[in-house]
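**Q** Going by this note's numbering, the residue at position 476 of the sequence shown is 507; the numbering climbs one at a time, nothing skipped. Quick one: structure below, then a few questions.
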Amino acid sequence: MSVGEVEVGERSGWLSCAGCRQLVYGKRWTRNLGVCPFCQHHGRLTARARIAGLVDPGSFAEITAPEGAVDPLGFVDSMPYPQRLARARGATGEREAVVGGTAMVDGHPVALAVMDFRFLGGSLGTGTGELITRVAEEALARAVPVLLVPASGGARMQEGILSLLQMAKVSQALDRLHEAGLLVVSIVTDPTYGGVAASFATQADVILAEPGARLGFAGPRVIRDTIGQELPLGFQTAEFLREHGLVDLVVDRSRLPEVVGRLLAAAGRTPRAARGHGPVGAAAPAPRPLERPGRPGTDAWAVVQRARALDRPTVRDYAGRICDWFLELHGDRLGADSATVVGGLARIGDRHVVLVGTQKGHSTREVLATNFGMAGPEGYRKAIRLFSLAEKLRLPVVTLVDTPGAYPGLDAERHGQAHTIAASILRLVGLRTPVVSVITGEGGSGGALALAVADRTFMLSNAVYSVISPEGCAAILWSAQDAPRAAAALRLTAPDLLDLGVIDGVVPEPDGGAQRDPDGTAVRLRRTIEDALAALDGVDVQEVVARRRARLRAIGAPGEAAVRPPDGTVPDGERPSVGHLVGQVAR
Ligand SMILES: [Zn+2]
């Protein structure tokens, strides 16, 4: 904690920036929302200055709580606790370490609780916990999202065990919001430690953090004294936490209203009957006829090459084209953020969706960063987290899949690669919201399926979807040079999968592949997704899940699949069954 940290309310005169020690004129500091114009250090704000900079002007209506027992323990340190409390009240003009109320942010209603670090170090006393709980209850009563802005050293010693239990009291209030499908967002500010960090600050669906803000359970000094080691540079800062998958986004203070506004927009109740809560079997618009492309001279191996082309549009390329906006969220909340699995909230036309995809990249640097599109467990954990967020907010899920497969590696195995793929499949199978998936490039094995269990599945016309790579198959059954033969045998092209009843349609690409016309391909991709989502509008969510399970139940079941031979490219006797191949791989 920097000594001489500037706490910003209305200021005049000159201030010394705690980040760079430069002098900043007070009015400029205030105008700049307490951010240093020289080094972008985000100075501390009072709760009211924070609220003023965050909510729509004139929209804040304060919520107060009646005073409970002021000094439940009769605590005395260098002075009696009531005296300490009175001093804090006098110095800050606040009754507690938090200010709560309702407001609008970017035009969206929200209930918010903002902590004030000046008040006894933002400690979580019974009064603090009571007010935050009341804010959450108000959010529940009004069916609006809640926004929490922590700034705290932890629990309040002077209130003993009652202070500790505020963590659980606020948690139960947030749990009710989670149960009711109401979005909880927190904005981590500097510093956020102890009981606040270990409860509501990190119980949010989306955790934003200001640049440089520190969050942790134990403070750096305690850790250093305990383990006797120097801590890495930037330890516990927002940037460090973001890199380690513990916060979603680091957001400059000036951009917070915009980012929070998008989150609230996505979580808002739209008039759309859909949201999976319409009447059972409500009339859905008839889907457009499925594309049934011919297969003139389809050479499976050539399609495999096209699916893998380095200049083929990536998930990020498509996200930028099919979404009106895409707010990427980060992290598995367990210690890592995958560069391969990307996802977040997005708007496509008049719908908000959760978009998740596997990213490859175009340059050597990019493909190395994403392991050539092969995700590790942290990627699937991130996906699962986002699927659950979609379910909670009743937003449809759209997945774009382009992966050679899950990453084969020591760390991936150690951290449960198989377990997370399994968990992702299981999550999608029963996810109580519509899911639309498109294989945009390579759909490689379990690593692809983990994101591709859906109500509607599509492929781009040069995409492939297979239980194993042609090379892997050839090496096991024949020899490494026989990959083209294996590619044909596996029936992995889009028309093949349409025939096999595995996918619902094919999104056409121009001659030479999607890279020849990414914009045009994206237009067709977006239309396919929008049509598929429209067909699921108004269908009761239980019915959506029941149909999804029935679809999956029917795959490969006797008398269900009408499999046609692939134009005689593989003699029947030679066609290996999927079960046979799986057996081979498992060995
Ligand atoms: Zn500075």
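Glycine is no exception: its CB is placed at the ideal position from the N, C-alpha and C atoms. Note that this is a predicted model, so its numbers are computed, not measured.
Helix, strand or coil: which one does DSSP assign to Ser23?
**A** Since the first residue of the chain shown is 32 and the last is 618, residue 23 is not available in this structure.
**Q** Could you tell me the alpha carbon to alpha carbon distance between Leu417 and Arg118, rounded to whole angstroms?
**A** So the alpha carbons of these two residues sit roughly 45 Å apart.
**Q** Counting pairs of Cβ atoms below 8 Å between the region 124–135 and the region 89–106, do you hit three or more?
**A** Taking 8 Å as the limit for Cβ pairs, the verdict is that the region 89–106 does touch the region 124–135.
**Q** For the beta strand (DSSP E) that Trp356 lies in, which residues bound it at each end?
**A** Counting along the chain, the beta strand (DSSP E) containing Trp356 begins and ends at Trp356 to Leu360.
**Q** Runs of 4 residues minimum, wholly inside the region 447–516: which ones carry the alpha helix (DSSP H) assignment?
**A** With a minimum length of 4 residues, the continuous alpha helix (DSSP H) runs that stay inside the region 447–516 are 448–460, 476–483 and 501–508.
**Q** Determine the DSSP secondary structure at Met405, reduced to helix, strand or coil.
**A** Met405: coil per DSSP, three-state reduction.
**Q** Per DSSP, what kind of secondary structure is Ile218 in: helix, strand or coil?
**A** Strand at Ile218.
**Q** Is it a yes or a no for the region 137–144 touching the region 170–181, going by three-plus beta-carbon pairs under 8 Å?
**A** Segments in contact, yes.
**Q** Compute the minimum distance between the beta carbon of His73 and the heavy atoms of ligand 1, and state whether it is under 7 Å.
**A** False, no ligand heavy atom lies under 7 Å from that Cβ.
**Q** Using a threshold of 7 Å, is the CB atom of Gly65 nearer than that to any non-hydrogen atom of ligand 1?
**A** No; taking the cut-off as 7 Å, the Cβ of Gly65 has no heavy atom of ligand 1 nearer than that.
**Q** Using beta-carbon positions only, say whether Val467 and Arg487 come within less than 8 Å of one another.
**A** Yes. Within cutoff.
**Q** When DSSP builds the beta bridges, which residues end up paired with Pro111?
**A** In the DSSP output, where bridge partners are listed per residue, Pro111 has Val107.
**Q** If you measure from the CB of Gln114, is any heavy atom of ligand 1 nearer than 7 Å?
**A** Checking every heavy atom of ligand 1 against the Cβ of Gln114, none is found closer than 7 Å.
**Q** If Val201 and Ser230 are in contact, beta carbons under 8 Å, what's the gap, nearest whole angstrom?
**A** Rounded, the Cβ-Cβ distance is 6 Å, consistent with contact.
**Q** Here's the rule: buried if 16 or more other CB atoms are within 10 angstroms of the residue's CB, otherwise exposed. What is Ala211?
**A** Exposed, since its Cβ has fewer than 16 Cβ neighbours within 10 Å.
**Q** Cβ of Cys70 within 7 Å of any heavy atom in ligand 1?
**A** Within the cutoff, so yes.
**Q** Which partner residues of Leu386 appear in the DSSP bridge assignment?
**A** Looking at the DSSP assignment, Leu386 forms a beta bridge with Gly375 and Val429.
**Q** Tell whether a beta-carbon distance below 8 Å holds between Arg458 and Ile415.
**A** Contact: yes.
**Q** In whole angstroms, what is the alpha-carbon distance linking Gly74 and Ile586?
**A** Roughly 58 Å between the two C-alpha positions.
**Q** Could you compute how far the alpha carbon of Val107 sits from the alpha carbon of Glu270?
**A** Those two C-alpha atoms are separated by around 39 Å.
**Q** Can you determine whether any heavy atom of ligand 1 sits closer than 7 Å to the C-beta of Gly50, and answer yes or no?
**A** Yes, Cβ of Gly50 sits closer than 7 Å to a heavy atom of ligand 1.
**Q** Bridge partners for Tyr56 per DSSP, in chain order?
**A** Tyr56 is bridged to Trp45.
**Q** Determine the burial state of Cys51: buried for a count of at least 16 other Cβ atoms within 10 Å of its Cβ, exposed for fewer.
**A** The residue is exposed, with fewer than 16 neighbouring Cβ atoms inside 10 Å.
**Q** Do you know how far the Cα of Arg59 is from the Cα of Arg425?
**A** Rounded to the nearest angstrom, the two C-alpha atoms are 43 Å apart.
**Q** Are the beta-carbon atoms of Asp283 and Pro242 separated by less than 8 Å?
**A** Closer than 8 Å, so yes.
**Q** Taking C-alpha atoms, which residue in Val484, Val219 and Gly351 lies nearest to Val575?
**A** Closest option to Val575, Cα to Cα, is Val484.
**Q** Suppose the cutoff is 7 Å on Cβ atoms and the five residues either side in sequence are ignored; what does the same chain contact list for Arg595 look like?
**A** Model confidence at Arg595 stands at a pLDDT of 44, short of 50, so the residue's coordinates are unreliable and nothing is read from them.
**Q** Alpha carbon to alpha carbon, what distance is there between Pro541 and Pro549?
**A** Going by the C-alpha atoms only, they are around 9 Å apart.
**Q** Is it buried or exposed for Thr257, if we count other Cβ within 10 angstroms and need 16 for buried?
**A** Burial call: exposed.
**Q** State yes or no: is the C-beta of Arg115 within less than 8 Å of the C-beta of Gln189?
**A** For Arg115 and Gln189, yes; Cβs fall inside 8 Å.
**Q** Considering only their Cβ atoms, is the gap separating Leu360 from Arg412 smaller than 8 Å?
**A** In this structure, Leu360 does not lie closer than 8 Å to Arg412 by Cβ.
**Q** Do the region 348–359 and the region 372–380 touch if we need at least three Cβ pairs shorter than 8 Å?
**A** These segments touch.
**Q** Kindly give me the distance between the Cβ atoms of Gln390 and Gly404, rounded to whole angstroms, as I take these residues to be in contact under 8 Å.
**A** Yes, they are in contact, since the Cβ atoms of Gln390 and Gly404 sit about 7 Å apart, within 8 Å.
**Q** Quick check: the Cα distance between Leu85 and Val290, rounded to an integer number of angstroms?
**A** Using only the alpha carbons, I get a separation of about 11 Å.
**Q** Regarding Gln234 and ligand 1, is the C-beta to nearest heavy atom distance less than 7 Å?
**A** Flag unset: Cβ of Gln234 not near ligand 1.
**Q** So, at 6 Å on beta carbons, what are the nonlocal neighbours of Gly44 in its own chain, with the 5 sequence-adjacent residues on each side left out?
**A** Result list for Gly44: Gly57, in chain order.
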